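2 protein chains.
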Amino acid sequence: MINASTALYGVIGDPVAHSLSPTMQNWFIDQFHLNAVYAAFRVKSEKLGSCIDGMRAMGIGGLNVTVPHKEKVVAFADEWSDDVRLIGAANTLKNTGGFISAHVTDPYGFIESLGDNEQRFRGASVFMYGAGGAAKSVAYALAKLGVDQLLIVDSAAEKAVELAEQAVKSFGIKNASALQKPLAPVKTILTHTHIVINATPLGMHPWHDKTVVEYPDVITADHYFYDLVYNPGKTRFLREAEERGATIQNGLDMLIFQGLQSMRLWTEQPLALSAARLNDLRSIMNRQLGLNE
Amino acid sequence: MINASTALYGVIGDPVAHSLSPTMQNWFIDQFHLNAVYAAFRVKSEKLGSCIDGMRAMGIGGLNVTVPHKEKVVAFADEWSDDVRLIGAANTLKNTGGFISAHVTDPYGFIESLGDNEQRFRGASVFMYGAGGAAKSVAYALAKLGVDQLLIVDSAAEKAVELAEQAVKSFGIKNASALQKPLAPVKTILTHTHIVINATPLGMHPWHDKTVVEYPDVITADHYFYDLVYNPGKTRFLREAEERGATIQNGLDMLIFQGLQSMRLWTEQPLALSAARLNDLRSIMNRQLGLNE
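Here it is, written out as structure tokens:
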């Protein structure tokens, strides 16, 4: 029951009409019996400053920030977490008495989504497709997970080089390289690198017949394939890996756990999700996406 | 179920912690199956401009405006209803694609609250205590109801004179006068004026042993006593009138119908409340006030 002391949270983006965050965060609010409500706000880039001033003026407790505002929003905050300083992007704003702190929960969402597979990462080599904003958060998470080596491929080669440099210099990964597609021995690398991540939109609806992987035949049961895409629930990237016995994971849990981490920041409560409840939430979100499990 | 296309409405004021509007408006949203949610925002006067800019930037669909912002907010709108121009105050803002129109629904709330007693007003004389913001909205409503004569008493005599002038010149009441307390024949006027309105806070919790009426003995069964106060549900003003057989009404229905009128403006739907549902809502609101009926 909403009353005059109900906290307001929300997500800002453009567009936001298809955001899953309202469904997810209001489900958290319900499950954890929080006196809060979560809405979606379509905010134009040029209105970002007015939006954050409005957040201060109206006492809006917290905002998630999504595409295309994650980088630009940083300048409008009053305080930044170390993660935001390093990554240069924020997905969570918290309002404490008109003082706005910026946070980024995507790397924590990635880590928490791994479950038991987290143990694969310490000292490991990781092959990542993509060098955009999502890939940057993953690279930061990989450093936290103790990954030894990160190999990055992106169709924009200079972005891959830049992220590899940042992964070493700022995030602290021992060894990171950008692979130049025509020259790099991608097939050999794929054979020997057992953690493979897709941080590109390829394979996402409506490109669901596409995959970044050119040599699926080298995939074995030792491989772990992680796709940040969650719509469709099983991309061609994941399907071809599963067919060869690999362990697979899509991006839905990362989305869930980055959102949960934002809610923890706003409420300062250690909200925990049981396996059964997590499954319920996955079903609700997949249903909203129009996906059968 | 809140989703990404759920509209956000709310109330701004300072304080707003005890506002009944969130309870009431979310009840309307539920009853009328609207895809919307309504929150309360405590906004400082000096932040009013940032709040309205934020409303534009975030696409907040509508705001109710309460004390102390009703007059000051007018300057921040882009367009004004005739009522707002005449009264100089607004209690409702509507956002149409970033364009903010200002409205005042209090007079409509007063009129709709009258029910069958509306017929008492055409051509009648009305005795009103109070000349503040609420009294102004009532005076405007009285003009619309076809009242012939309005007599105003206020402890601040110059405010009563000002409102009486405005009632004639701007609102179009044929005859309006401010009564100067020590000289005016208040007892005689009360005897012969059968509609008596309290638009002062006197009698409101925690002044519930007070009343503006000095001569309750002249009250008869022909009188109609209307108190804008709704907490307590029956003020001394109403109790003393009821004891003498008068018809009485408190301010709860005016609050309800001004809110409903705002929701009609925002949704552009002709929302109608049955007598039974109105009773349910009164109970819910009285319960929140801690009042037994």
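Residue numbers (this note's numbering), protein chains in the order written: chain A, 1 to 293; chain B, 1001 to 1293. For glycine and all other residues, C-beta sits at the position ideal for the given N, C-alpha and C. A quick note: this is a predicted structure, and the numbers were derived from the prediction, not measured.
Cβ of Asn1003 (chain B) within 8 Å of any chain A Cβ: yes
Contact list for Ala1300 (chain B) against chain A, beta-carbon separation under 8 Å: Nothing can be reported for residue 1300 (chain B): it is not among the residues displayed for chain B, which extend from 1001 to 1293.
Simplified DSSP assignment, three categories, for Gln1119 (chain B): helix
Beta-carbon proximity check, Lys44 (chain A) vs Trp266 (chain A), cutoff 8 Å: For the pair Lys44 (chain A) and Trp266 (chain A), the CB atoms are not nearer than the 8 Å cut-off.
Closer than 7 Å at the beta carbon, the chain B residues around Thr23 (chain A): Neighbourhood of Thr23 (chain A) in chain B, by CB distance below 7 Å: Asn1003, in chain order.
Backbone secondary structure at His326 (chain A) - three-state DSSP: Because chain A here runs from 1 to 293, residue 326 (chain A) falls outside it and cannot be looked at.
Any C-beta of chain A under 8 Å from that of Leu1151 (chain B): Leu1151 (chain B) does not count as touching chain A.
Beta-carbon contacts of Val1196 (chain B) that lie in its chain and below 6 Å, excluding the five residues immediately before and after: Phe1127, Phe1225
Distance between Tyr230 (chain A) and Tyr38 (chain A) (C-alpha atoms, nearest Å): 22 Å
Phe76 (chain A) at chain B interface by Cβ criterion, 8 Å: So no, Phe76 (chain A) is outside the interface.
Identity of the residue in B:Ala1040, B:Asn1003, B:Ile1029 nearest Leu8 (chain A) by Cα: B:Ala1040
Sequence ranges, alpha helix (DSSP H) only - wholly within the stretch 17–105 of chain A, length at least 4: 21–31, 48–58, 82–87
Proximity test, Cβ basis, 8 Å: Lys1047 (chain B) and chain A: yes
For His208 (chain A) and Thr235 (chain A), the rounded distance between their alpha carbons: Straight-line Cα distance between these residues: approximately 6 Å.
Buried versus exposed, by CB contacts within 10 Å (16 or more), His1192 (chain B): exposed
For Leu48 (chain A) and Val11 (chain A), believed in contact at Cβ under 8 Å, the rounded distance: Not a contact, Cβ separation roughly 14 Å.
Closer than 8 Å to chain B by CB, Asp222 (chain A): no
Paired residues, beta bridge with Val1196 (chain B) - DSSP: B:Phe1127, B:Phe1225
CB contact check: Phe1041 (chain B) to chain A, cutoff 8 Å: It does: the Cβ of Phe1041 (chain B) has a partner Cβ on chain A nearer than 8 Å.
First and last residue of the uninterrupted alpha helix (DSSP H) at Asn1175 (chain B): Where Asn1175 (chain B) is concerned, there is no enclosing alpha helix (DSSP H), although the beta strand (DSSP E) it sits in stretches over 1175–1178.
Nearest to Pro206 (chain A) (by Cα), restricted to the options A:Gln166, A:Ala124, A:Leu289, A:Asp154: A:Leu289
Gln1269 (chain B) vs Thr1105 (chain B) beta-carbon contact at 8 Å: no
6 Å Cβ shell around Phe1110 (chain B) - same chain, five flanking residues per side excluded: Val1138, Ala1141, Met1254
Supposed contact pair Arg56 (chain A) and Gly98 (chain A) - C-beta distance, whole angstroms, cut 8 Å: 5 Å
Nonlocal neighbours in the same chain, by C-beta distance under 6 Å from Ser1294 (chain B), ignoring five residues either side: A query on residue 1294 (chain B) cannot be resolved here, the shown segment of chain B reaching from 1001 to 1293 and no further.
Under 9 Å (Cβ pairs) to chain A, residues found in the stretch 1047–1061 of chain B: Lys1047, Leu1048, Gly1049, Ser1050, Cys1051, Ile1052, Asp1053, Gly1054, Met1055, Arg1056, Ala1057, Met1058, Gly1059, Ile1060
Cross-chain neighbours of Leu8 (chain A) in chain B, by beta carbon under 7 Å: Ala1039
Terminal residues of the alpha helix (DSSP H) in which Thr1247 (chain B) lies: Thr1247 (chain B) -> not in any alpha helix (DSSP H); beta strand (DSSP E) instead, spanning 1247–1249.
Terminal residues of the beta strand (DSSP E) in which Gln269 (chain A) lies: Taken as a continuous stretch (DSSP letters only), Gln269 (chain A) belongs to no beta strand (DSSP E), as it is neither H nor E.
Contacts around Arg282 (chain A), its chain only, beta-carbon distance under 7 Å, and the 5 residues preceding and following it disregarded: Leu252
Closest residue to Pro15 (chain A) among A:Glu46, A:Val67, A:Gln31, A:Thr6 (Cα-Cα distance): A:Val67
Coarse secondary structure for Gly109 (chain A), derived from DSSP in three states: helix
Outcome for Glu1112 (chain B) when other beta-carbon atoms lying within 10 angstroms are tallied against a minimum of 16: buried
Any C-beta of chain A under 8 Å from that of Asn1026 (chain B): yes
Ala1007 (chain B), DSSP secondary structure in three states: Three-state result, Ala1007 (chain B): strand.
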